[in-house]
Amino acid sequence: MKIVLLGAPGSGKGTQGAELASHYGVPKIASGDLLREAVASGSELGQKAKAAMDAGELVSDDTVIGMIRERLNEPDAQNGFILDGFPRSLAQAEALDQLLDELSRPLQRVIHMQVDNEEIVGRLAARGRADDTEEAIRNRLAVFAEQTEPLVTYYEQRGLLTPVNATGDIDAIQTRLIEAIEAA
Ligand code: AMP
């Protein structure tokens with residue numbers, strides 16, 4: 277079970293990823309959660325990441341790749357994982373391929389969670405996280421379109437991508453996700 281959830285901010289990766297992780301008994305590994313923990317702990321990594329996060333920009337590839345590499349090496353990730361929010365750039369996708377290659381654990385499937393923009397803005401506004409100011413949200417959506425959306429083609433070309441309609445009822449979306457994973 278090695279799954280990547282790809283989708284715009286507010287597409288429900290966190291909520292659905294947690295459900296999938298408990299359904300399949302593997303950890304959900306969310307780069308955003310790891311970064312927020314680093315910020316809260318005041319570590320050097322957290323201090324480096326904070327400004328980019330507050331502005332809705334991407335934290336540097338090197339920082340995030342190093343952090344994910346460590347996390348994927350932990351014992352609980354050996355039987356699989358649900359990745360949420362990583363990779364977010366081509367450099368990160370290439371680094372992930374290389375890392376999984378080294379570990380002889382290829383990706384099973386990349387799920388593209390599709391939600392329309394109006395629903396996204398509504399969901400983020402309701403969430404109220406520190407980086408959910410209007411300006412940071414707008415920036416995160418622009419960054420997603422520029423830097424993360426090219427990953428759709430990247431994974432499509434590798435035959436790994438499955439689009440899933442992620443609009444509507446939470447349980448219905450979860451059912452569609454499980455169907456997409458099991459059909460692959
Ligand atoms: P998220 O919780 O996924 O919405 O991420 C919150 C913020 O953390 C993002 O707006 C970025 O600033 C940063 N972040 C999370 N994941 C990544 C990543 N894979 N690459 C770069 N920055 C990231």
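Residues in the sequence shown are numbered from 277 upward in steps of one, following the working numbering.
By construction, the Cβ of each residue, glycine as well, lies at the ideal position given by its N, Cα and C atoms.
Within 8 Å, strictly: CB atoms of residue i and residue j
| i | j | result |
| --- | --- | --- |
| Gln-390 | Asn-349 | no |
| Arg-385 | Ala-460 | yes |
| Gly-332 | Asp-407 | yes |
| Asp-337 | Ala-367 | yes |
| Arg-347 | Ile-279 | no |
Within-8 Å CB hit, residue i to chain E
| i | result |
| --- | --- |
| Pro-439 | Annotation note: the requested chain E is absent from the structure, which comprises a single protein chain. |
Alpha-carbon spacing of residue i relative to residue j, whole angstroms
| i | j | result |
| --- | --- | --- |
| Ala-316 | Lys-326 | 10 Å |
| Ile-344 | Arg-405 | 23 Å |
| His-388 | Ala-456 | 10 Å |
| Gly-398 | Lys-289 | 15 Å |
| Thr-438 | Leu-334 | 25 Å |
| Asp-445 | Asp-352 | 30 Å |
| Phe-357 | Val-428 | 20 Å |
| Phe-420 | Leu-375 | 23 Å |
Any non-hydrogen atom of the ligand AMP closer than 7 Å to residue i Cβ
| i | result |
| --- | --- |
| Arg-416 | yes |
| Pro-363 | yes |
| Asp-407 | yes |
| Pro-285 | yes |
| Met-329 | yes |
| Gln-374 | no |
| Leu-311 | yes |
| Leu-334 | yes |
| Ala-353 | no |
| Ser-317 | no |
Exposure label - residue i; buried when at least 16 CB within 10 Å
| i | result |
| --- | --- |
| Ser-287 | buried |
| Thr-424 | buried |
(request) Starting from the N-terminal side, write out each stretch of the alpha helix (DSSP H) that is 4 residues or longer and does not extend beyond the segment 287-324. (result) 289-300, 307-317
(request) Just list the alpha helix (DSSP H) runs in the segment 416-441, keeping only unbroken ones of 4 residues or longer that don't cross its boundaries, in chain order. (result) 426-433
(message) Give the list of continuous alpha helix (DSSP H) stretches no shorter than 4 residues that lie fully inside the segment 375-420.
(response) 393-403, 410-419
(request) Please go through the segment 336-373 and give each complete alpha helix (DSSP H) segment of 4 or more residues, from N-terminal end onward. (result) 337-348
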